[in-house]
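Undergrad: Just so we're aligned, residue -6 is where the sequence shown starts under my numbering, counting upward by one. Idealized CB from N, CA, C, for every residue including glycine. Shown below is the structure under consideration.
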Amino acid sequence: MEKVVNMSHWRRKPVLWMVMVIQLSLFLSVFSTEFHARKFLKDNDINTNDVRLHISDRQVIIDNGLVEVTIENPSGYLIGIKYKKMQNVLERRNHNSNRGYWDIVWDGDSYDKLETKHVEVITQTSDIVELSFTKTWNSKNHGKTIPLNIQKRYIVRRGISGIYMYGIFERKEDFPKAHMYQIRIAFKLKEDKFRFMALSDTIQRVMPRSVDRVKGHSKPLDFKEAVLLINPSNPKLKGEVDDKYQYSTENKDNKLNGWISDHDAVGFWIMTPSNEFRTGGPHKQDLTSHVGPTALSMFVSTHYTGTEIDTFYKEGEAWKKVFGPVLIYLNSASSKDDDHRKILWNDAKRQLSEEIESWPYNFTRSEDFPHSQQRGQVNGQLLVQDRYMDKQLMQAKSAFVGLAPPGEADSWQKEGKGYQFWTQTDKIGRFNIKNVRPGVYNLYAWVHGFIGSYKLDLNITIQPGNKIELDTLIYDPPRNGPTLWEIGIPDRTAAEFFIPEPYPQYVNSITNDGADKFRQYGLWDRYSDIYRDSDLVYTVGTSNYSKDWFFAHAPRKIGDDRYRPTTWQIKYNLQDVNNRGTYTLQMAIAAASFAEVEVHKSNLTFLSVIRDIFFTEFHYFNHLFTNWHLQVRFNDPNSDRPHFTTRRIGYDNAVPRHGIHGLYRLYSIEVPGYRFRKGSNTIYLTQTRSDNSFEAVMYDYIRLEAPNSLNN
-6 MEKVVNMSHW RRKPVLWMVM VIQLSLFLSV FSTEFHARKF LKDNDINTND
44 VRLHISDRQV IIDNGLVEVT IENPSGYLIG IKYKKMQNVL ERRNHNSNRG
94 YWDIVWDGDS YDKLETKHVE VITQTSDIVE LSFTKTWNSK NHGKTIPLNI
144 QKRYIVRRGI SGIYMYGIFE RKEDFPKAHM YQIRIAFKLK EDKFRFMALS
194 DTIQRVMPRS VDRVKGHSKP LDFKEAVLLI NPSNPKLKGE VDDKYQYSTE
244 NKDNKLNGWI SDHDAVGFWI MTPSNEFRTG GPHKQDLTSH VGPTALSMFV
294 STHYTGTEID TFYKEGEAWK KVFGPVLIYL NSASSKDDDH RKILWNDAKR
344 QLSEEIESWP YNFTRSEDFP HSQQRGQVNG QLLVQDRYMD KQLMQAKSAF
394 VGLAPPGEAD SWQKEGKGYQ FWTQTDKIGR FNIKNVRPGV YNLYAWVHGF
444 IGSYKLDLNI TIQPGNKIEL DTLIYDPPRN GPTLWEIGIP DRTAAEFFIP
494 EPYPQYVNSI TNDGADKFRQ YGLWDRYSDI YRDSDLVYTV GTSNYSKDWF
544 FAHAPRKIGD DRYRPTTWQI KYNLQDVNNR GTYTLQMAIA AASFAEVEVH
594 KSNLTFLSVI RDIFFTEFHY FNHLFTNWHL QVRFNDPNSD RPHFTTRRIG
644 YDNAVPRHGI HGLYRLYSIE VPGYRFRKGS NTIYLTQTRS DNSFEAVMYD
694 YIRLEAPNSL NN
């Protein structure tokens, strides 16, 4: 019998084959991508080793098969971390007290590395080991060691290639008074291995070595932290500036920093999954990593705030706080991979995400660290009411909302002792503050695009497991009348203003990214180059603040170590003037460093009756005991007395430390209508301090308001 072939069947086969090939290709593509991203994790994924503990008279060793951690007994100094083929990622040439350690700067220049006296096993199972190295303060050591009871905790877990660290510090009521200016953990890594530093997706670079900063290899600049590399060990770095403050970042962004050993394709990372234990709120800036190679976990400091942040503990003031835990994480890739840096960085970000998702940790064994079920949360919605902008309530989009110890509005930015919990609102102003420790707090907020600060006028008590639903909150920002003109954006920084190109001989390539341009060295002296013969003049309606308003109101350099005070002018026209009304100059300050500014207007020489109003709902801004001075004059720059002066305020030193902001301040300056003229007017802002180029102010936002035109 003759076989009949079904030709339609064969015609369908190429289509089927094509579908199968496409599916196989997609599968291989996905598999390849996943394998590429996780291939260096193969040892971690299959590791099932128990966590082992060995204690001797001199050392304590914890080993989970991925890392072997060695701690000096009983000092609590971290002296060794063995990972892969690296016998110790810490610098073995350093003394045991100078590898991995806690330290506190207290009472001026006193320095304590928190050497402990005892070790206690808190938890020991096949899955986890937690140790506590302790010291109880004795009055016999008064003046010699920090008056503090100390617990330094270490945790190693099964399957985690790293070590968790946290500290529990306590002051009893009978302890003597003390300042604690700085609390941190520092790590000194192997200098011949770790050369590449990474702080963010954009701030990454090969770093100089310690020897590159010494005489003969570098030239000191205006302050000790900054040097010009003239003969570095890496010729590619010649002509660049190195300064540890160029690598600072805000608390809210300071979650991950670390180093890479290119030869071994090994990464060393500090991960901070929560900022609840850091001071100064989400915008407080601090150090990260710098030449050493040094990696830092900063908890308390006076950087970018000066001593205005509260770090003083009175005699009789009891206090206890948990700092951390933070994770010291190690990872590896194949050194044959050209993109091993990217692989290590991306894996570190992946691990950070897991740590954030796991916060608060449930594996710690201290009653001072509450787990999630022992914490509470606060939910609500924040709206803004500004009738001169919109007759309807406005959503407080992306506003920062937080719980911090009770105080006045904005006191959180100078709060240095308690816990803080911050979040950002969604598009319609809703917020959810989770995992809040039990305690008493105030609720604070500030909204991008609006001056001032919000504070809810009641205490919020968090108890374990409770969930507080707040009514809709209304923020009524400082406003006395309609806007006549404005300069800048109310965002608590000077980032929107003109930031000049750096001197070509003082460039740091790591800050070439536009968003980090303000970190370049020497920008403060560029004002003297641009305004060599006369000061800045800004004409409302013509000038552009992103091009014509210098980011820092600094003195003008007129010779070697000689400077002159500067007066900026704001020129504007008024079509009509209400002589009997009261105008308001809203002046928000982003940073102040040892300066003095005056406000002048009008050709009258007597001092007007003014009120220095700090328009927050609960008037926070105390300027009587600080060190920066701004004076304001209206129309007459030569009047004997300014219309307004800030007096001396500001210790944040943000200018030489390459910050774009420090502490926020707001001044609402009332001006009687007869001070103005119909037609041309000028406001004179005089920065009177000129001992050096760092005595400067950064403005956040300036607005002139007409008299109130709305009925109450």
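Would you mind giving the Cβ-Cβ distance between A545 and A487, rounded to the nearest angstrom? I have them listed as a contact below 8 Å.
TA: Residue numbering aside, residue 545 sits at position 552 when the sequence shown is read from its first letter. Residue numbering aside, residue 487 sits at position 494 when the sequence shown is read from its first letter. Yes, they are in contact, since the Cβ atoms of A545 and A487 sit about 7 Å apart, within 8 Å.
Undergrad: With DSSP as the reference, identify every bridge partner of G552, one or two as the case may be.
TA: By 1-based counting over the sequence shown, the position of residue 552 is 559. R555.
Undergrad: Return helix, strand or coil for F270, following the three-state DSSP convention.
TA: Counting from 1 along the sequence shown, the entry for residue 270 is found at position 277. Three-state DSSP puts F270 in coil, outside helix and strand.
Undergrad: Quick check on DSSP: helix, strand or coil for L463?
TA: In the sequence shown, residue 463 corresponds to position 470, counting from 1. The answer is coil: DSSP assigns L463 none of H, G, I, E or B.
Undergrad: Let me see if you follow: with CB-CB separation under 8 Å, is P457 close to chain B or not?
TA: Among the chains in the structure shown there is no chain B, since it carries only a single protein chain.
Undergrad: Where does the unbroken alpha helix (DSSP H) through D541 begin, and where does it stop?
TA: Residue numbering aside, residue 541 sits at position 548 when the sequence shown is read from its first letter. Where D541 is concerned, the enclosing alpha helix (DSSP H) stretches over Y538 to D541.
Undergrad: Since G655 and A699 should fall inside the 8 Å C-beta cutoff, what is the C-beta to C-beta distance between them, to a whole number of angstroms?
TA: Indexing the sequence shown from 1 puts residue 655 at position 662. Indexing the sequence shown from 1 puts residue 699 at position 706. With 8 Å as the limit, G655 and A699 do not qualify as a contact, their Cβ atoms being about 31 Å apart.
Undergrad: Where Q197 and V319 are concerned, what is the direct C-alpha to C-alpha distance, given to the nearest angstrom?
TA: The residue you call residue 197 lines up with position 204 of the sequence shown. The residue you call residue 319 lines up with position 326 of the sequence shown. Roughly 22 Å separates the two Cα atoms.
Undergrad: Suppose the cutoff is 7 Å on Cβ atoms and the five residues either side in sequence are ignored; what does the same chain contact list for F20 look like?
TA: The residue given as residue 20 occupies position 27 in the sequence shown. The predicted model places F20 with a pLDDT of 46, which falls under 50 and marks its position as unreliable, so this point remains unresolved.
Undergrad: Where does M691 land, buried or exposed, given buried means 16+ other C-beta within 10 angstroms?
TA: Locating residue 691 in the sequence shown gives position 698, counting from the first residue. It is buried - the Cβ of M691 has at least 16 other Cβ atoms within 10 Å.
Undergrad: So does the region 82 to 94 actually touch the region 63 to 74, counting three or more Cβ pairs closer than 8 Å?
TA: yes
Undergrad: In three-state terms, what does DSSP make of E123?
TA: Residue 123 sits at position 130 when you count from the first residue of the sequence shown. Strand at E123.
Undergrad: Going by DSSP in three states, D768 sits in which element: helix, strand or coil?
TA: The first residue shown for the chain is -6 and the last is 705, placing residue 768 beyond what the model contains.
Undergrad: For the beta strand (DSSP E) holding W478, just list the boundary residues, first then last.
TA: Residue numbering aside, residue 478 sits at position 485 when the sequence shown is read from its first letter. It spans T476 to G481 - the beta strand (DSSP E) in which W478 sits, taken as one unbroken run.
Undergrad: Could you give the first and the last residue of the continuous beta strand (DSSP E) run that contains E698?
TA: Within the sequence shown, residue 698 is the residue found at index 705, counting from 1. Residues A689 to E698.
Undergrad: Three-state secondary structure (DSSP) at N324?
TA: The residue labelled residue 324 in the question sits at position 331 within the sequence shown. Strand at N324.
Undergrad: Would you check if the distance between the CB atom of Y437 and the CB atom of A389 is smaller than 8 Å?
TA: Working through the sequence shown from its first residue, we reach residue 437 at position 444. Working through the sequence shown from its first residue, we reach residue 389 at position 396. No. Outside cutoff.
Undergrad: Taking Cβ to Cβ, would you say R626 is nearer than 8 Å to V592?
TA: In the sequence shown, the residue the question calls residue 626 occupies position 633. In the sequence shown, the residue the question calls residue 592 occupies position 599. Yes. Within cutoff.
Undergrad: What are the complete beta strand (DSSP E) segments, minimum 3 residues, inside the region 136 to 204?
TA: 142 to 150, 155 to 164, 171 to 181, 187 to 191 and 197 to 199
Undergrad: Please report how far the alpha carbon of E233 lies from the alpha carbon of W517, in whole angstroms.
TA: Residue mapping note: residue 233 aligns to position 240 of the sequence shown, counting from 1. Residue mapping note: residue 517 aligns to position 524 of the sequence shown, counting from 1. E233 and W517 have their C-alpha atoms spaced approximately 18 Å apart.
Undergrad: Assuming E347 is part of the alpha helix (DSSP H), what are its boundary residues?
TA: In the sequence shown, the residue the question calls residue 347 occupies position 354. Looking at the DSSP string, the run of the alpha helix (DSSP H) that includes E347 is H333 to E350.
Undergrad: Using CA atoms only, rank isn't needed, just tell me which of V377, Q456, F292 and S226 is closest to F443.
TA: If you number the sequence shown from 1, residue 443 lands on position 450. Taking only the C-alpha atoms, the option nearest F443 is V377.
Undergrad: Could you give the DSSP three-state label for S502: helix, strand or coil?
TA: Residue 502 sits at position 509 when you count from the first residue of the sequence shown. In this structure, S502 counts as helix in the three-state DSSP scheme.
Undergrad: For Y667, tell me which candidate among G652, D569 and Y677 has the shortest Cα-Cα distance.
TA: In the sequence shown, the residue the question calls residue 667 occupies position 674. Considering only alpha carbons, the answer is D569.
Undergrad: According to DSSP, which residues form a beta bridge with T416?
TA: Residue numbering aside, residue 416 sits at position 423 when the sequence shown is read from its first letter. Per DSSP, V394.
Undergrad: Among the residues of its own chain, which have a CB less than 8 Å from the CB of G309, if the five just before and after it don't count?
TA: Position 316 of the sequence shown, counted from the first residue, corresponds to residue 309. Correct list, in chain order: E166 and D167.
Undergrad: From the DSSP secondary-structure annotation, give me the bridge partner or partners of F292.
TA: Counting from 1 along the sequence shown, the entry for residue 292 is found at position 299. None; F292 has no bridge partner.
Undergrad: Could you tell me whether the region 442 to 456 touches the region 364 to 382, using the rule of 3 or more Cβ pairs below 8 Å?
TA: yes
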